[in-house]
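In what follows, a single structure is set out as structure tokens and then discussed.
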Amino acid sequence: MGSAMEPPGSAYLHLGAVTSPVGTARVLQLAFGCTTFSLVAHRGGFTGVQGTFCMAAWGFCFAVSALVVACEFTRLHGCLRLSWGNFTAAFAMLATLLCATAAVLYPLYFARRECPPEPAGCAARDFRLAASVFAGLLFLAYAVEVALTRARPGQVTSYMATVSGLLKIVQAFVACIIFGALAHDSRYGRYVATQWCVAVYSLCFLATVAVVALSVMGHTGGLGCPFDRLVVVYTFLAVLLYLSAAVIWPVFCFDPKYGEPKRPPDCVRGSCPWDSQLVVAIFTYVNLLLYVADLAYSQRIRFVPSL
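Residue numbers (the numbering used here): 1329 to 1635.
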């Protein structure tokens, strides 16, 4: 359910939504986000999957941030049928990850010291460099909001503001990277063992998304048993499942009996199955560590499900 309604006689507009430290960070997010995609759209330019992802990430984050600021300023978030604290904490973490990725991809693929050929010329280079700078500032603005709203030890807060809740967003984001590598000619269908790994990634991703969705919608209290206990049990199972994938995937992809221990010399860079398998292996271990850290934190959190 939504947040509690304001007491009678309170002002309809909440100035703290833009003057508090968190509100200031959100205003800066709007300013930096608008500046970034305006620079790119005006003269910087973007092409391909990488450029499209960057523009989509900046546009999505700007739109949701504008909605958050508008709802906070007008106090309309109290009318929404969701847990506002969980929603804003989850979005801030997701936006931080998206903007961090875009802040790396855009300068990597588009920013150069040399001027591109006409008609773009040096003006396009300058716009791309400026957009890269503002993309970095945008990431910092979202990271500051996460730091300001993160639950402190012993504090009673919404679940998504805890370390365990924030880690859920990171786990889902890393899983999306794994799925992208799997879809890019990873040849996971060759063995039943690698298909099991894909099933592990999918099952854990769906369960993590379900935990986030239940928290944001404020429905964790109607599950029939304590939500925090369910989270601990699920996280423990996810650690075991990812541990199995962390053993099986490298064996069936890089052991000489089943795969290639080294990158084939004739493998075309950018469309090489070995590269995709390596990406999956690396991020499998990343997510395993995230789930282990989540398990450690989830046993000592205190939160209000519908806060």
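Glycine included, every Cβ here is placed at the ideal spot set by N, Cα and C.
In this text the structure is predicted, and so the values were computed from the model without any measurement.
Ile1497 is not a Cβ neighbour of Met1545, given a cutoff of 8 Å. At least 8 Å separates the beta-carbon of Ser1514 from that of Pro1593. The straight-line gap separating the alpha-carbon atoms of Val1560 and Ala1535 is approximately 12 Å. Take the alpha-carbon of Ala1489 and the one of Val1474: they are about 8 Å apart.
Contact fails between the region 1424 to 1442 and the region 1398 to 1410, because fewer than three Cβ pairs, one in each stretch, are under 8 Å apart.
Counting only runs of 3+ residues, no beta strand (DSSP E) is found wholly inside the region 1409 to 1469. Excluding residues up to 5 positions away in sequence, Ser1604 lie with their Cβ nearer than 6 Å to the Cβ of His1512 in the same chain.
At the C-beta level, Ser1411 and Tyr1625 stay beyond 8 Å of one another. DSSP places Thr1490 in the coil class of the three-state scheme, outside both helix and strand.
Note on geometry: alpha-carbon atoms of Cys1382 and Leu1466 lie some 12 Å from one another. Take Leu1356, set aside five residues on each side of it, and the residues of its chain with a beta-carbon closer than 7 Å to its own are Ala1469, in chain order. A distance below 6 Å between beta-carbons, with the five flanking residues on each side excluded, links Ala1471 to the following residues of its chain, in chain order: Thr1424. Within the DSSP secondary-structure output, Thr1380 pairs in no beta bridge. Within 10 angstroms of the beta-carbon of Leu1568 lie fewer than 16 other beta-carbons, which makes it exposed. Here the alpha carbon of Gly1372 sits roughly 5 Å from the alpha carbon of Arg1456. Taken through DSSP and simplified to helix, strand or coil, Arg1557 comes out as helix. Val1537 carries a helical assignment under DSSP once its states are collapsed to helix, strand and coil. Pro1593 sits in coil when the DSSP states are folded into three classes, being neither helix nor strand. A direct Cα-to-Cα measurement between Ala1345 and Leu1476 gives close to 14 Å.
Looking from the CA of Tyr1519, the closest CA among Gly1387, Thr1347, Phe1580 belongs to Phe1580.
For His1405, the secondary structure class from DSSP, reduced to helix, strand or coil, is helix.
Counting other Cβ atoms within 10 Å of its Cβ, Glu1442 stays below 16 and is therefore classed as exposed. The residues Phe1390, Ser1393, Ala1394, Val1397, in chain order, have a CB closer than 7 Å to that of Leu1358 in the same chain once the five nearest residues on each side in sequence are set aside. Closest option to Thr1416, judged by alpha-carbon separation, among Thr1380, Ala1353, Ala1621, Ser1366: Ala1353.
DSSP, read as helix, strand or coil, puts Glu1588 in coil. When the Cα atoms are used, Asp1454 and Gly1376 turn out to be separated by approximately 20 Å.
Secondary structure at Gly1546: coil, using DSSP grouped into helix, strand and coil.
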